[in-house]
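Report on one structure; see the data block that follows.
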Amino acid sequence: MLHIALHFVVPLLAALAFQRPRWRSAWLILVATMVVDGDHLLATPIYDPERCSIGFHPLHTLPAIVVYAGLFLLPLMFGREPDRRALRPNARIVHLVGLGLLIHMALDGIDCLGM
Ligand SMILES: [Zn+2]
């Protein structure tokens with residue numbers, strides 16, 4: 419239960435810390451990345467509290483996590499407005515999707531440490 423709450427609270431803290439004054443839309447995007455858990459539908463049983471998601475479910479494997487890191491980093495390098503400060507709107511969304519997925523993998527990974 420705490421684990422699920424953290425999937426809402428940690429993105430909220432990240433949005434408040436890094437995305438003011440647009441923290442609400444940032445939080446929405448970060449929380450929306452929880453759809454990545456759709457890959458649990460491929461497993462039997464769909465949910466097993468004793469199973470570590472990282473490295474088991476296809477969207478929770480290292481190659482996927484490398485892609486998420488790219489989604490997070492590439493907009494920072496190539497998605498800036500001409501004034502070089504703010505991210506372009508689409509780049510901001512991609513960046514936040516990457517951040518949300520990395521936060522998700524980190525939280526799932528921390529959950530695995532106790533197994
Ligand atoms: Zn997950």
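Here the sequence shown stands for residues 419 to 533, numbered as in this note's numbering.
Note that CB positions come from ideal geometry on N, CA and C, so glycine has one too.
Since the structure is predicted, the reported quantities are computational estimates derived from the model, not experimental observations.
**Message:** Classify T462: buried if its beta carbon has 16 or more other beta carbons within 10 angstroms, exposed otherwise.
**Reply:** exposed
**Item:** Per-residue DSSP class, three states only, for R502
**Value:** coil
**Prompt:** Do you know whose CA, among S471, W445, L446, lies nearest D457's CA?
**Reply:** S471
**Asked** Does the count of Cβ pairs from the segment 514-531 and the segment 445-459 closer than 8 angstroms reach three?
**Response** yes
**Asked** Which residues bound the alpha helix (DSSP H) around M495?
**Response** 480-496
**Message:** My output table needs one value for R451: the three-state DSSP class, helix, strand or coil.
**Reply:** For the sequence presented, residue 451 should be read as Thr rather than Arg. Reduced to three states, the DSSP call for T451 is helix.
**Message:** Tell me which residues pass a beta-carbon proximity test against ligand 1: closer than 5 angstroms to any heavy atom, given in chain order.
**Reply:** D455, S471, D526
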